[in-house]
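First up is the structure itself, then whatever we jot down about it.
There are 2 protein chains.
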Amino acid sequence: MAKSPKISASHEPGGLIVHISGLLPSLSPAEQRVARLVVADPAAAARRTITDLATAAETSEATVIRFCRSVGMDGYPQLRIRLAAEAARRVEPPDARVVGGDIPPGADLAQIIATIAFNDARAVEETAEQLDPATCEQVVEAIANAGRIDIYGAGASGFVASDFQQKLHRIGRIAFYFPDVHTALTSAALLGRGDVAVGISHTGTTSDVIEVLEQARTRGAVTVALTNFPRSPITDVADFVLTTAARETTYRSGATASRLAQLTVVDCLFVGVAARNRSRARKALEATAEAVLSHRVGANRRRG
Amino acid sequence: MAKSPKISASHEPGGLIVHISGLLPSLSPAEQRVARLVVADPAAAARRTITDLATAAETSEATVIRFCRSVGMDGYPQLRIRLAAEAARRVEPPDARVVGGDIPPGADLAQIIATIAFNDARAVEETAEQLDPATCEQVVEAIANAGRIDIYGAGASGFVASDFQQKLHRIGRIAFYFPDVHTALTSAALLGRGDVAVGISHTGTTSDVIEVLEQARTRGAVTVALTNFPRSPITDVADFVLTTAARETTYRSGATASRLAQLTVVDCLFVGVAARNRSRARKALEATAEAVLSHRVGANRRRG
DNA sequence: ACGCCTCGTGAAAGTAAGTTTCATCCGTGG
DNA sequence: CCACGGATGAAACTTACTTTCACGAGGCGT
Numbered sequence: 180m181a182k183s184p185k186i187s188a189s190h191e192p193g194g195l196i197v198h199i200s201g202l203l204p205s206l207s208p209a210e211q212r213v214a215r216l217v218v219a220d221p222a223a224a225a226r227r228t229i230t231d232l233a234t235a236a237e238t239s240e241a242t243v244i245r246f247c248r249s250v251g252m253d254g255y256p257q258l259r260i261r262l263a264a265e266a267a268r269r270v271e272p273p274d275a276r277v278v279g280g281d282i283p284p285g286a287d288l289a290q291i292i293a294t295i296a297f298n299d300a301r302a303v304e305e306t307a308e309q310l311d312p313a314t315c316e317q318v319v320e321a322i323a324n325a326g327r328i329d330i331y332g333a334g335a336s337g338f339v340a341s342d343f344q345q346k347l348h349r350i351g352r353i354a355f356y357f358p359d360v361h362t363a364l365t366s367a368a369l370l371g372r373g374d375v376a377v378g379i380s381h382t383g384t385t386s387d388v389i390e391v392l393e394q395a396r397t398r399g400a401v402t403v404a405l406t407n408f409p410r411s412p413i414t415d416v417a418d419f420v421l422t423t424a425a426r427e428t429t430y431r432s433g434a435t436a437s438r439l440a441q442l443t444v445v446d447c448l449f450v451g452v453a454a455r456n457r458s459r460a461r462k463a464l465e466a467t468a469e470a471v472l473s474h475r476v477g478a479n480r481r482r483g
Numbered sequence: 180m181a182k183s184p185k186i187s188a189s190h191e192p193g194g195l196i197v198h199i200s201g202l203l204p205s206l207s208p209a210e211q212r213v214a215r216l217v218v219a220d221p222a223a224a225a226r227r228t229i230t231d232l233a234t235a236a237e238t239s240e241a242t243v244i245r246f247c248r249s250v251g252m253d254g255y256p257q258l259r260i261r262l263a264a265e266a267a268r269r270v271e272p273p274d275a276r277v278v279g280g281d282i283p284p285g286a287d288l289a290q291i292i293a294t295i296a297f298n299d300a301r302a303v304e305e306t307a308e309q310l311d312p313a314t315c316e317q318v319v320e321a322i323a324n325a326g327r328i329d330i331y332g333a334g335a336s337g338f339v340a341s342d343f344q345q346k347l348h349r350i351g352r353i354a355f356y357f358p359d360v361h362t363a364l365t366s367a368a369l370l371g372r373g374d375v376a377v378g379i380s381h382t383g384t385t386s387d388v389i390e391v392l393e394q395a396r397t398r399g400a401v402t403v404a405l406t407n408f409p410r411s412p413i414t415d416v417a418d419f420v421l422t423t424a425a426r427e428t429t430y431r432s433g434a435t436a437s438r439l440a441q442l443t444v445v446d447c448l449f450v451g452v453a454a455r456n457r458s459r460a461r462k463a464l465e466a467t468a469e470a471v472l473s474h475r476v477g478a479n480r481r482r483g
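Protein chains in written order, with this note's numbering: chain B, 180 to 483; chain A, 180 to 483.
Structure follows, in structure tokens:
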């Protein structure tokens with residue numbers, strides 16, 4: 180299936196910066212140096228001439244142009260303008276909060292909280308901005324009409340997969356999640372036309388998930404990938420690609436931010452599916468809510 | 180050209196457009212034509228090349244340059260960038276996202292996405308705002324020094340509990356999570372002074388979790404509750420109460436927003452604990468990351 | 001191991017964009 | 001009627017941007 184044209188391809192509205200950091204890992208080393216400069220200070224980059232930027236990134240002008248093309252721009256001037264626009268739009272003076280960065284060693288808890296919350300909230304917002312409604316619509320459509328939905332995810336993404344499974348289950352859709360690769364493979368082999376397989380992987384490089392998704396695809400199921408990196412291997416085996424927009428920070432913080440972003444996307448899909456048949460979904464939800472009622476202890480206290 | 184002193188270049192505040200239309204009458208006829216085009220549609224002008232703009236204004240490039248100088252810019256590229264920035268800034272803030280409300284029946288997916296993301300992001304931000312650093316500090320302290328940490332949560336909160344467990348485990352803390360109430364009760368009975376028990380429940384009324392937390396407390400463990408409702412029953416059995424701030428919307432959307440908020444709090448605690456011993460935590464994290472490396476497939480693709 | 005191929009890269013050639021120079025034009029006042 | 005000065009565009013010029021090409025490193029099949 181070679182260089183699949185992909186469905187969501189060119190759509191890159193909201194954050195150019197986000198978009199760039201998303202495909203950062205798919206860029207060549209020299210281009211990455213350029214990308215990092217750009218992401219670090221878009222406004223400054225917009226002011227520089229191409230030669231200037233190339234020098235700063237310790238590379239040639241040619242590479243800068245290649246970088247422009249890689250991120251979907253026609254040329255350097257276009258990039259410059261978009262960059263200027265982006266930079267102007269972001270209103271926030273993030274003062275003390277360390278944007279996208281690591282937590283400074285001496286930080287006190289208040290700082291830590293502020294930093295984490297800021298990055299987490301950003302990941303959610305930016306993910307929503309760059310999410311392509313058209314692609315989502317198609318995925319929702321597929322899920323709503325699927326005979327059965329398999330959801331795959333390993334490690335941290337496994338939680339999200341499981342969450343999605345549970346959500347769909349609660350509105351009466353037949354959905355499965357398998358913590359175990361072998362079981363998942365078996366299940367995938369049983370999928371067919373009209374079924375849907377969703378693979379979740381932050382990096383998009385988790386071989387287990389890719390493998391299972393591929394299996395599902397060869398069986399004729401519609402495959403959906405949810406990843407942070409639009410050019411990662413998992414996108415090769417997916418009919419639809421949905422991306423999150425957690426900026427790559429360190430492994431630690433990035434992990435949670437990306438999880439939140441994934442959950443947000445999942446929630447959007449879920450609500451989209453539920454909205455297709457409001458009354459039935461609502462009824463199903465109420466039924467399941469009732470089911471756990473006996474495990475609830477008397478209401479919250481009024482006043483103290 | 181030792182002519183008019185012009186408006187002192189470099190510093191001219193926010194409104195470049197305003198500035199230009201202000202000195203419009205002082206410009207020569209040909210320059211005025213240029214100015215009018217620019218003022219009429221700054222964004223479009225920013226996209227044009229100098230030759231293009233000159234043609235559109237029925238004049239020569241030279242005049243456009245003169246115009247640039249007249250309004251205090253160094254040259255055309257500078258003008259372009261400023262223009263792009265200006266145009267971007269005057270972008271209307273979020274249109275009709277239904278704040279905190281339910282999704283309207285006829286909503287299309289784009290609206291749904293915007294609404295969900297907005298509420299999710301808000302939940303995270305507001306949770307962080309109302310989180311008490313002092314309480315967190317004490318909880319972190321307790322966890323960092325605990326002999327062992329038990330984490331309880333049922334249903335959706337179970338995912339969060341599990342996530343927390345995994346996080347702590349990854350930095351070498353001894354932590355447990357039990358999907359099953361009975362096992363959890365057994366475990367709680369084995370806790371003692373110096374141990375920590377964390378109970379997670381969005382509503383704060385989940386009897387299973389409360390019960391287990393109570394058990395843990397009677398055994399002398401430090402008990403921590405994470406809930407959205409500061410007056411809910413679970414707070415009665417907790418030494419420390421941490422609250423999330425997901426606005427109560429409907430059951431459906433509230434569920435995810437509160438999950439995100441919970442995850443954020445958990446992440447804060449986690450980072451707080453990890454920060455207590457950076458080098459060791461970092462080493463542990465790197466080791467665990469390496470462990471899954473063999474399950475990663477080759478890097479992201481270059482180019483499309 | 002060998003050679004082949006692909007890919008990333010920068011040097012340099014080529015093209016287009018932006019800037020300067022300068023001659024012309026036109027109205028004005030001597 | 002002629003000098004004068006400002007406005008203007010053509011063209012020369014410079015700089016910025018883009019393309020082409022050849023080299024070298026790393027991977028892959030024979």
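For every residue, glycine included, the Cβ atom is placed at its ideal position computed from N, Cα and C.
By the 10 Å Cβ neighbour count, where 16 or more other Cβ atoms means buried, how is residue 237/A classified, buried or exposed?
Taking the second sequence and counting its residues from 1, one reaches residue 237/A at position 58. Classification for residue 237/A: exposed.
By the three-class DSSP mapping on this structure, what secondary structure does residue 442/B have?
Along the first sequence, read from residue 1 onward, the residue named residue 442/B stands at position 263. In this structure, DSSP gives residue 442/B a helical state, which the three-state scheme calls helix.
Just mark residue 369/A as buried or exposed, buried being the case when its beta carbon has 16 or more other beta carbons within 10 Å.
Mapped onto the second sequence, residue 369/A falls at position 190. Exposed, since its Cβ has fewer than 16 Cβ neighbours within 10 Å.
Any beta carbon of chain A sitting closer than 8 Å to that of residue 231/B?
What you label residue 231/B is simply residue 52 of the first sequence in a count that begins at 1. No, no contact with chain A.
Against residue 443/B, what residues of chain A qualify as contacts under a CB-to-CB distance less than 8 Å, listed in chain order?
For this step, residue 443/B is matched to residue 264 along the first sequence. Counting only Cβ-Cβ distances below 8 Å, residue 443/B has contacts in chain A at 295, 296, 299, 435, 439, in chain order.
Helix, strand or coil for residue 182/A per DSSP?
Start at 1 with the first residue of the second sequence, and residue 182/A comes out as number 3. Caution applies to residue 182/A, whose pLDDT of 37 falls short of 50 and renders its modelled position unreliable; the model cannot decide the point.
Taking the alpha-carbon of residue 228/B as reference, which of 256/A, 323/A, 408/A, 297/A has the nearest alpha-carbon?
The residue given as residue 228/B occupies position 49 in the first sequence. When each option's Cα is compared against that of residue 228/B, the closest is 256/A.
Taking contact to mean at least 3 C-beta pairs separated by less than 8 Å, is the stretch 199-208 of chain B in contact with the stretch 399-412 of chain B?
Enough Cβ pairs lie closer than 8 Å, so yes.
Range of the contiguous beta strand (DSSP E) that encloses residue 201/B:
The residue you call residue 201/B lines up with position 22 of the first sequence. Not the beta strand (DSSP E): residue 201/B falls in the alpha helix (DSSP H), residues 195-201.
8 Å Cβ cutoff met for residue 210/B and residue 242/B
Indexing the first sequence from 1 puts residue 210/B at position 31. Indexing the first sequence from 1 puts residue 242/B at position 63. For residue 210/B and residue 242/B, yes; Cβs fall inside 8 Å.
Within the 8 Å Cβ cut-off, does residue 330/A reach chain B?
For this step, residue 330/A is matched to residue 151 along the second sequence. It does not; no Cβ of chain B falls within 8 Å.
Rounded Cβ spacing between residue 445/B and residue 303/B (contact assumed at less than 8 Å):
Along the first sequence, one-based indexing puts residue 445/B at 266. Along the first sequence, one-based indexing puts residue 303/B at 124. Not confirmed; about 12 Å, so no contact.
Should residue 324/B go down as buried or exposed, given a rule of 16 or more other Cβ atoms within 10 Å for buried?
Position 145 of the first sequence, counted from the first residue, corresponds to residue 324/B. So residue 324/B ends up on the exposed side.
On the CB-based measure, 16 or more other CB atoms within 10 Å of its CB, does residue 372/A come out buried or exposed?
As a working note, residue 372/A is residue 193 in the second sequence. Exposed is the call here.
Within this structure, are the beta carbons of residue 421/B and residue 319/B separated by less than 8 Å?
For the purposes of this step, residue 421/B is taken as residue 242 along the first sequence, with counting starting at 1. For the purposes of this step, residue 319/B is taken as residue 140 along the first sequence, with counting starting at 1. Against a cut-off of 8 Å, the Cβ pair of residue 319/B and residue 421/B comes out as no contact.
Which value, in whole angstroms, describes the spacing of the CA atoms of residue 313/A and residue 288/B?
Numbered from 1 along the second sequence, position 134 holds the residue referred to as residue 313/A. Numbered from 1 along the first sequence, position 109 holds the residue referred to as residue 288/B. One C-alpha to the other measures close to 8 Å.
Name, in chain order, the residues that DSSP records as bridge partners for residue 404/A.
One-based indexing of the second sequence puts residue 404/A at position 225. According to DSSP, residue 404/A bridges with 378/A, 420/A.
Who are the Cβ neighbours of residue 274/B in its own chain at under 7 Å, not counting the five residues just before and after it?
One-based indexing of the first sequence puts residue 274/B at position 95. Low per-residue confidence applies at residue 274/B: pLDDT is 40, beneath 50, and the placement is therefore not dependable enough to give any value.
Excluding the 5 residues preceding and the 5 following residue 452/A in the sequence, name in chain order all residues of the same chain whose CB lies nearer than 6 Å to its CB.
Working through the second sequence from its first residue, we reach residue 452/A at position 273. Hits under 6 Å: 319, 322, 323.
Taking residue 262/A as the reference, give the member of 390/A, 222/A, 300/A, 299/A with the closest Cα.
Translated into the one-based positions of the second sequence, residue 262/A becomes position 83. Of 390/A, 222/A, 300/A, 299/A, the smallest CA-CA separation from residue 262/A is found for 222/A.
By DSSP, does residue 329/A sit in helix, in strand, or in coil?
Taking the second sequence and counting its residues from 1, the one referred to as residue 329/A is at position 150. Note: residue 329/A maps to strand in three-state DSSP.
How would you call residue 391/B, buried or exposed, if buried means at least 16 neighbouring beta carbons within 10 angstroms?
One-based indexing of the first sequence puts residue 391/B at position 212. With 16 or more Cβ atoms within 10 Å of its Cβ, residue 391/B is classed as buried.
What are the boundary residues of the alpha helix (DSSP H) that includes residue 357/A?
Indexing the second sequence from 1 puts residue 357/A at position 178. No alpha helix (DSSP H) holds residue 357/A; DSSP gives it neither H nor E.
Contained beta strand (DSSP E) runs [length at least 3] in the stretch 205-261 of chain A, N- to C-terminal order:
Qualifying beta strand (DSSP E) stretches: none in this window.
At the 8 Å Cβ level, is residue 341/B part of the contact set with chain A, yes or no?
For the purposes of this step, residue 341/B is taken as residue 162 along the first sequence, with counting starting at 1. Closer than 8 Å to some Cβ of chain A, the Cβ of residue 341/B qualifies, so yes.
Buried or exposed for residue 412/A, please, with buried defined as at least 16 other CB atoms from any protein chain shown within 10 angstroms of its CB.
Position 233 of the second sequence holds residue 412/A. Around the CB of residue 412/A, 16 or more other CB atoms lie within 10 Å, so the residue is classed as buried.
Does any residue of chain A bring its CB to less than 8 Å from the CB of residue 240/B?
Sequence index remark: in the first sequence, residue 240/B carries index 61 (1-based). Judged by the 8 Å Cβ criterion, residue 240/B is not in contact with chain A.
Output needed in chain order: residues of the stretch 403-428 of chain B with a Cβ under 9 Å from some Cβ in chain A.
For the stretch 403-428 of chain B, which is checked against every Cβ of chain A, the residues closer than 9 Å are 408, 409, 410, 411, 412, 413, 414, 415.
Going along the stretch 353-376 of chain A in order, which residues come within less than 8 Å of chain B, judged by CB to CB distance?
Hits within the stretch: zero.
Taking residue 248/A as the reference, which of 226/A, 379/A, 207/A has the closest Cα?
In the second sequence, residue 248/A corresponds to position 69, counting from 1. Measuring C-alpha to C-alpha distances from residue 248/A to each of 226/A, 379/A, 207/A identifies 207/A as the nearest.
So, is residue 416/A buried or exposed, given that buried needs 16 or more other C-beta atoms within 10 angstroms?
Position 237 of the second sequence holds residue 416/A. Buried, by the Cβ-count rule.
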